[in-house]
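K.L.:
Can you read through this structure? Questions will come right after.
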Amino acid sequence: MVKVDVKDLSIWFGAIAALKNVSLQVKANEILSIIGPSNSGKTTFLRMLNRLNDLNPNFRIEGEVVFDGSDIRKQDIEVLRKNIGMVFALPLPLPLSILDNVAYGVRMHGMKNKKQIAQKVEDSLKQSYLWEEVKDRLDESAFKLSGGQQQRLCIARTLAVEPQVILFDEPCSGLDPISTAKVEDAMVELKEKYTLILVTNNVKQAARVGDRTAFFLNGELVELDNTDKIFTAPKDKRTDGYIRGKFG
Amino acid sequence: MRKIKEFFIEKLILICGLASIFFVVLIFLFLLKEGLSVFITVSPFKFLFGKSWYPISEPAQLGILPLIMGSLLVTLGAAVISVPIGVGCAIYIAEVAPLKLKEILKASIELLVAIPSVVLGFIGMVTLVPLIKNVFHLPTGLTALSGSIMLAFMAMPTIVSIAEDALYSVPKNYKEGALALGATRWQMIWRVMLPAASSGIVAAIMLGIGRVIGETMAVMMITGNSAVLPKSILVPVRTLTATIAAEMGEAVVGSEHYFALFSIGIVLFIISFAINVTADLFLHKRQ
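Protein chains in written order, with our numbering: chain A, 1 to 248; chain B, 1001 to 1287.
So this is what it looks like as structure tokens:
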């Protein structure tokens, strides 16, 4: 089943073309990894999906992105962002307690009952593999957590508003290997219920967790295939070169 | 040769740096010396909390409570008016306004700073004062309220520009994080931007208030200059600053009255100092 259908998408920031005629389909309950050197447009692509690019006043777009049966630009932007959650490169807790960080989005979308909120917080923290580590200190400031814990807190926060798709923008770039492994475990677990799109600079991470992998270069989609195929027998020699570390 | 040049420049800059401290200390010492003399004849308690200010009657009554209350009333009124408008304006400029409008707004607010306070007082006198008189059916429009409104205009630029800075320096990530969860723009501002910028905004408010409490010319022109304990905001009042400005010229040098005016200066100095230190604390907390 196709979850997100991107057709002939081109994006400009001012005169600079960030994406050129990208078409791809994201399947439900898969992890799609996107790899490529910097300035290849992979983050622009990700931020397109929840329309964060709209914050840039010089942003211009052509093409179509279909989610839930209609173009995302015709949908209510707050509902779209609730449905398509995002986890950022730097863990970004709000200056609130652990509990309030996770409850933040939930309350914002109108849940008032304290018991329900507490339950939601617990469920989300369990799904992001953080519950055991924080269950006794939910009232402490989120800044007291380690980097890896903060990132899993941000995942929990995103999960709490019940998205369908979760975008990960280099979620492990600032984390040590052990924390990275924990975040990756959480991601693999999450694809049972959600569709995940992962932008990463770490080629090995794409190989570890991605069901399919897309390779972007200079704003173009060079190749998209099953992960094992991309990493063993890529069709395009540019893909091969990038994976082997010859450029980028 | 280069070494010698370097040496002289270094020392010159050192002197410049020390000079500013030196002058501040001198001013403060002079203020103390002149001001504390009043307490030879009047007890500090009677001075601060005495209800009547008749400096030239025999014997002189030197209670500055009416002046303190006048200053506080005008300042409080100005704060009530300028804080919501100023913070609202800062939010609009920082978060909502399109780029062009933002530039225009910022420039015009800076222009507001450039208006000399005597001009502001003059404009207030011919426009605001009659208006207040007619609206509230008062015998005179020279009231604390008129002063508050006029001073609010003077506090606003400070509040807007510093609060806007504080909002602008909230990490862009916070904003995107909130939006990515599906927050509306207002939810993002209310729950993320304002709390994150709160210490800067408080500092902005304090500095705005600091400006108001030290202002002299405009208040002297439009608050009516009557040194009695104000019972409402619609009566004439006299502030600490206006008292010094109005009476210093006629006080006999070395008299009790003269020393009392210097004491008022000390009180003002302490109030301003406290406000500035509080603002500073909040500003540093932010970093």
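Glycine included, C-beta positions come from ideal geometry on N, C-alpha and C.
Sort out for me which residues DSSP pairs A:E220 with in a bridge.
P.N.:
Residue mapping note: residue 220 of chain A aligns to position 220 of the first sequence, counting from 1. Note: A:E220 sits in a beta bridge opposite A:L217.
K.L.:
Three Cβ pairs or more, each shorter than 8 Å: is that satisfied between the region 1150-1168 of chain B and the region 1206-1220 of chain B?
P.N.:
Counting Cβ pairs under 8 Å, three or more are found: they touch.
K.L.:
Which bits of chain B does A:N53 rub up against, with CB to CB less than 9 Å?
P.N.:
Within the first sequence, residue 53 of chain A is the residue found at index 53, counting from 1. By Cβ distance, chain B contributes nothing, its closest Cβ being about 11 Å from A:N53, past 9 Å.
K.L.:
Assign A:R47 to buried or exposed, taking buried as 16 or more other Cβ atoms, counted over all protein chains shown, within 10 Å of its Cβ.
P.N.:
Taking the first sequence and counting its residues from 1, one reaches residue 47 of chain A at position 47. Answer is buried; the Cβ neighbour count reaches 16.
K.L.:
Residues of the region 164-178 of chain A in Cβ contact with chain B at a cutoff of 9 Å, in chain order, please.
P.N.:
Answer set for the region 164-178 of chain A: L167.
K.L.:
Find the residues of chain A that neighbour B:Q1061, judging by a C-beta separation of less than 7 Å, and give them in chain order.
P.N.:
As a working note, residue 1061 of chain B is residue 61 in the second sequence. Chain A residues near B:Q1061: none, gap ~53 Å exceeds 7 Å.
K.L.:
Which residues of chain A have a Cβ atom closer than 7 Å to the Cβ of B:V1192, listed in chain order?
P.N.:
For the purposes of this step, residue 1192 of chain B is taken as residue 192 along the second sequence, with counting starting at 1. Those are L94, listed as they occur along chain A.
K.L.:
Can you list, in chain order, the residues of its chain with a C-beta nearer than 6 Å to that of B:Y1054? Leave out the 5 residues immediately preceding and following it.
P.N.:
Here residue 1054 of chain B corresponds to residue number 54 of the second sequence, with the count starting at 1. So the qualifying residues of the chain are Q1061.
K.L.:
Pick helix, strand or coil for A:T43, following the three-state DSSP scheme.
P.N.:
Along the first sequence, read from residue 1 onward, the residue named residue 43 of chain A stands at position 43. Helix, per DSSP.
K.L.:
Pull up the distance between the alpha-carbon of A:R137 and that of A:Q150, whole angstroms please.
P.N.:
Start at 1 with the first residue of the first sequence, and residue 137 of chain A comes out as number 137. Start at 1 with the first residue of the first sequence, and residue 150 of chain A comes out as number 150. Answer to the nearest angstrom: the Cα atoms are 14 Å apart.
K.L.:
Give the residues from the region 1200-1220 of chain B that approach chain A closer than 9 Å (Cβ to any Cβ), ordered along the chain.
P.N.:
Those residues of the region 1200-1220 of chain B that come within reach of chain A (Cβ to Cβ, closer than 9 Å) do not exist; the list is empty.
K.L.:
Please determine if the region 85-94 of chain A and the region 157-166 of chain A are in contact, where contact requires at least 3 C-beta pairs separated by less than 8 Å.
P.N.:
These segments touch.
K.L.:
Can the beta-carbon of B:G1182 be found less than 9 Å from the beta-carbon of A:V121?
P.N.:
To locate residue 1182 of chain B, count along the second sequence from 1; it is residue 182. To locate residue 121 of chain A, count along the first sequence from 1; it is residue 121. Going by C-beta atoms, B:G1182 is not nearer than 9 Å to A:V121.
K.L.:
Can you give the Cα-Cα distance for B:I1233 and B:L1018, rounded to whole angstroms?
P.N.:
In the second sequence, counting from the first residue as 1, residue 1233 of chain B sits at position 233. In the second sequence, counting from the first residue as 1, residue 1018 of chain B sits at position 18. Cα to Cα, B:I1233 sits roughly 44 Å from B:L1018.
K.L.:
Beta-carbon of A:G105 versus every beta-carbon of chain B: anything under 9 Å?
P.N.:
For this step, residue 105 of chain A is matched to residue 105 along the first sequence. Yes, because at least one Cβ of chain B sits closer than 9 Å to the Cβ of A:G105.
K.L.:
Hey, would you say A:V4 sits closer than 9 Å to A:V26, going by beta carbons?
P.N.:
On the first sequence, position 4 is the one that residue 4 of chain A refers to. On the first sequence, position 26 is the one that residue 26 of chain A refers to. Yes, the Cβ-Cβ distance between A:V4 and A:V26 is below 9 Å.
K.L.:
Count Cβ pairs between the region 191-206 of chain A and the region 168-180 of chain A that sit closer than 8 Å; are there 3 or more?
P.N.:
The region 191-206 of chain A is in contact with the region 168-180 of chain A.
K.L.:
Helix or strand or just coil, what does DSSP make of A:F13?
P.N.:
For this step, residue 13 of chain A is matched to residue 13 along the first sequence. Reduced to three states, the DSSP call for A:F13 is strand.
K.L.:
On a Cα-Cα basis, can you pick out the residue from B:G1077, B:I1270, B:L1065 and B:K1175 that is closest to B:L1229?
P.N.:
Taking the second sequence and counting its residues from 1, the one referred to as residue 1229 of chain B is at position 229. Of the candidates B:G1077, B:I1270, B:L1065 and B:K1175, the one whose C-alpha sits nearest the C-alpha of B:L1229 is B:L1065.
K.L.:
Kindly provide the ranges of any alpha helix (DSSP H) runs that are 4 or more residues long and lie completely inside the region 1114-1189 of chain B, ordered along the chain.
P.N.:
Runs found: 1117-1123, 1129-1135, 1144-1168, 1172-1180 and 1185-1188.
K.L.:
Please list, in chain order, the chain A residues whose beta carbon lies closer than 9 Å to that of B:P1195.
P.N.:
Within the second sequence, residue 1195 of chain B is the residue found at index 195, counting from 1. Per Cβ cutoff of 9 Å: L94, P95 and L96.
K.L.:
If we count the other Cβ atoms within 10 Å of its Cβ and call it buried at 16 or more, is A:G105 buried or exposed?
P.N.:
Taking the first sequence and counting its residues from 1, one reaches residue 105 of chain A at position 105. A:G105 should be labelled buried.
K.L.:
Give me whichever residues DSSP pairs with A:T195 in a beta bridge.
P.N.:
Taking the first sequence and counting its residues from 1, the one referred to as residue 195 of chain A is at position 195. Per DSSP, A:V165.
K.L.:
Is the Cβ of B:A1183 closer than 9 Å to any Cβ of chain A?
P.N.:
Against the second sequence, residue 1183 of chain B aligns to sequence position 183. For B:A1183, the answer is yes, since a Cβ of chain A falls inside 9 Å of its Cβ.
K.L.:
Name the chain A residues that come within less than 8 Å of B:L1179, Cβ to Cβ?
P.N.:
As a first step, residue 1179 of chain B must be located in the second sequence, where it is residue number 179. Correct list: L52, L55 and R81.
K.L.:
Measuring CA to CA, which of A:L94, A:F216 and A:R51 is closest to A:D71?
P.N.:
Within the first sequence, the letter at position 71 stands for residue 71 of chain A. Selected option, being the one with the closest Cα: A:R51.
K.L.:
Across which residues does DSSP place A:K7 in a beta bridge pair?
P.N.:
Position 7 of the first sequence, counted from the start, is the residue given in the question as residue 7 of chain A. According to DSSP, A:K7 bridges with A:E64.
K.L.:
May I ask you to list the residues that DSSP assigns as paired with B:Q1061?
P.N.:
Walking along the second sequence from the start, residue 1061 of chain B turns up at place 61. Beta-bridge pairing links B:Q1061 to B:Y1054.
K.L.:
Compare the C-beta of A:T158 against all C-beta atoms of chain B and say whether one is closer than 9 Å.
P.N.:
By 1-based counting over the first sequence, the position of residue 158 of chain A is 158. By this cut-off, A:T158 is an interface position.
K.L.:
State yes or no: is the beta carbon of A:F216 nearer than 9 Å to at least one beta carbon in chain B?
P.N.:
Taking the first sequence and counting its residues from 1, one reaches residue 216 of chain A at position 216. No, A:F216 lies away from the interface with chain B (no Cβ there is under 9 Å from its Cβ).
K.L.:
State the DSSP-derived secondary structure class of A:Q205, mapped to helix, strand or coil.
P.N.:
Translated into positions along the first sequence, residue 205 of chain A becomes position 205. If DSSP states are grouped into helix, strand and coil, A:Q205 belongs with the helices.
K.L.:
Who are the Cβ neighbours of B:L1268 in its own chain at under 6 Å, not counting the five residues just before and after it?
P.N.:
The sequence position of residue 1268 of chain B within the second sequence is 268, counting from 1. Same-chain partners within the cutoff: L1240.
K.L.:
By the criterion of Cβ-Cβ separation under 8 Å, what are the contact partners of B:L1099 in chain A?
P.N.:
Numbered from its first residue, the second sequence carries residue 1099 of chain B at position 99. Result: P57.
K.L.:
For A:I117 and A:D123, what's the separation of their Cα atoms in angstroms?
P.N.:
As a working mapping, residue 117 of chain A is identified with position 117 in the first sequence. As a working mapping, residue 123 of chain A is identified with position 123 in the first sequence. One C-alpha to the other measures close to 10 Å.
K.L.:
If you count every other CB in all the chains shown that lies within 10 Å of the CB of B:C1089, and 16 or more means buried, which is it?
P.N.:
Taking the second sequence and counting its residues from 1, the one referred to as residue 1089 of chain B is at position 89. The residue is buried, with at least 16 neighbouring Cβ atoms inside 10 Å.
K.L.:
Compute the distance between the beta-carbons of A:G219 and A:S40, then report whether it is under 9 Å.
P.N.:
If you number the first sequence from 1, residue 219 of chain A lands on position 219. If you number the first sequence from 1, residue 40 of chain A lands on position 40. It is a contact, given that the beta carbons lie within the stated cut-off.
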